[in-house]
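Below you can see the structure in the form of structure tokens.
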């Protein structure tokens, strides 16, 4: 497996590139439009063939780079769960995608938004949780179909049923951490280690500011980041 974890500092977004080392077939998860040139260079430098540009959900804090990557890389297909967002492939719970001999599986993990998915790569013992589960945190639930009870259930019935040693790679981190594990988050996550009732109370009283890029990001992300 070829693996890269890349960072976009304005929105504190992690973008991930995964590839089969033999066939060089690759996927990218949660690309950001401002860093497409960087990602494109990594893909070219490593001789990768990008098959899929995947968004874990319709982001509110940055514009996706998936549409621009499609323009730069013929044959690349955009992937999302949300049926209201434009994409070449709309995936659902349990769907799988192959890149070379490697495979990813999608878990529906709504609660931050209705269309959130987490992406499991069993061969790498890893899960890419988008905004659903963060390192010692979780995505906010106060806008864009957010529902704290639904998010709690998504994490506990889907993500937390994976083995404790699976590595958690989130879509964001604001403290400089790069990854965690299922076992760590079950034990130490200050929100999701609580009861469902306590979690809902915490999430309903965060009083967070309005997302800085939401008015720009949401309309753009419904059309893959660019008008094609």
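Numbering (our numbering), first residue to last: 731 to 958.
Ideal Cβ placement from N, Cα and C applies to all residues, glycine included.
{"Check": "Rounded C-alpha distance that separates residue 923 from residue 885", "Outcome": "11 Å"}
{"Check": "Selection from 943, 927, 799, 787 that minimises the alpha carbon distance to residue 773", "Outcome": "799"}
{"Check": "DSSP state of residue 927 mapped onto helix, strand, coil", "Outcome": "helix"}
{"Check": "C-alpha distance - residue 844 paired with residue 876, whole-angstrom precision", "Outcome": "7 Å"}
{"Check": "Cβ neighbours of residue 913 in the same chain (closer than 6 Å, five flanking residues each side left out)", "Outcome": "894"}
{"Check": "Within 9 Å, strictly: CB atoms of residue 805 and residue 833", "Outcome": "no"}
{"Check": "Proximity winner among 948, 747, 761, relative to residue 755 (alpha-carbon distances)", "Outcome": "747"}
{"Check": "Three-state secondary structure assigned by DSSP to residue 896", "Outcome": "coil"}
{"Check": "Among 868, 801, 827, 889, nearest to residue 810 - alpha-carbon criterion", "Outcome": "827"}
{"Check": "Top-ranked residue by Cα proximity to residue 760, from 737, 750, 752", "Outcome": "737"}
{"Check": "Three-state secondary structure assigned by DSSP to residue 796", "Outcome": "helix"}
{"Check": "Which listed residue (855, 743, 734, 731) has its alpha carbon closest to that of residue 869", "Outcome": "743"}
{"Check": "Expected contact under 8 Å - CB spacing of residue 781 and residue 829 to nearest Å", "Outcome": "5 Å"}
{"Check": "Alpha helix (DSSP H) segment containing residue 849, residue limits", "Outcome": "Residue 849 -> not in any alpha helix (DSSP H); beta strand (DSSP E) instead, spanning 847–851."}
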